[in-house]
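Numbering (my numbering), first residue to last: 102 to 299.
We put the CB at the ideal spot given by N, CA and C, even for glycine.
Here the structure comes first, spelled out in structure tokens, and everything after it is commentary.
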Amino acid sequence: MVGRKDRVFQRKIYNIVDIDEALVPAAVLEDEWDRLVADQIRREKGRGAEGEGGPATTFSWSVQLARLWWEWRVERTWQDWTARGTALNELVEQERALAEQEKAGSAKPARRDAAQDHQRPTRPRDGVRPNVAEHPAPPLPLLSAINARLGRDAPAETGKDPFVSASWAALVEAEQPRLMRWLARGAAGRNGDAAASR
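Spelled out as structure tokens, the structure:
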């Protein structure tokens with residue numbers, strides 16, 4: 102199961118890389134073609150081409166939204182893994198505390214059987230605990246942006262189209278300056294990461 106989840110996570114990362122390496126250059130060319138056609142129509146008819154709606158109507162904008170979508174999916178996966186790790190750590194600590202209570206509560210010395218002699222101890226016999234702890238990490242920027250915009254933890258919107266959800270709308274609104282900078286660059290592979298471009 103862990104291997105499968107890792108492969109799914111890697112595919113999400115590869116999708117981001119594929120967008121940067123293949124779709125962004127194609128989007129730049131497609132948008133340039135659209136501009137050339139619009140200029141030709143303008144010259145021939147003496148007026149602007151109908152349907153010009155700004156940067157949000159370009160193919161590049163759609164590609165950047167796709168990239169943002171995959172970044173969001175990666176962060177949600179990372180958040181899930183972090184929550185699972187924290188829960189597992191809490192469970193281990195509870196079990197350890199329970200074992201210590203049971204050990205302290207037994208009046209007679211425990212008899213070791215042959216099976217216990219062949220088990221490796223989970224911690225050193227001198228009572229030093231392993232050097233495992235939860236370390237604080239910076240908040241995930243996309244999920245933090247959603248929570249800041251919605252003023253709460255975003256509810257799980259299962260069964261709905263994610264692109265019409267309040268979470269997605271809040272994310273696009275929060276990340277619009279970064280998306281516009283990407284569009285202004287107009288070059289493949291120059292997107293940068295979310296933290297560096299803020």
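When you compare each of the options to residue i by their alpha carbons, which one comes out closest?
i	options	result
Trp269	Leu130, Leu244, Pro239	Leu244
Ala167	Gln111, Arg177, Ile120	Ile120
Pro242	Phe264, Ala128, Ser266, Ala275	Ala275
Ala285	Val103, Gln165, Leu251	Gln165
Met102	Arg144, Trp182, Val129	Trp182
Met281	Tyr115, Leu169, Leu124, Lys146	Leu169
Pro174	Ile142, Lys204, Asn116, Leu189	A small correction: the amino acid at residue 174 is Arg; Pro does not occupy that position in the sequence shown. For Arg174, the nearest C-alpha among the options comes from Asn116.
Ala246	Lys261, Gln277, Pro263	Gln277
Asn248	Lys261, Trp283, Ala267	Ala267
Gly155	Arg143, Asp135, Gln141, Lys146	Asp135
Pro126	Ile142, Gln141, Gly147, Trp162	Trp162
Pro240	Asp140, Ala139, Glu122, Gln180	Gln180
Are the beta-carbon atoms belonging to residue i and residue j less than 7 angstroms from one another?
i	j	result
Thr178	Phe110	yes
Glu131	Phe160	yes
Trp171	Lys113	yes
Leu251	Ala271	yes
What residue range is occupied by the uninterrupted alpha helix (DSSP H) comprising residue i?
i	result
Pro263	From DSSP, Pro263 is part of no alpha helix (DSSP H); its letter is neither H nor E.
Leu284	267-286
Ala249	242-251
Kindly provide the ranges of any alpha helix (DSSP H) runs that are 4 or more residues long and lie completely inside the segment 105-185, ordered along the chain.
125-146
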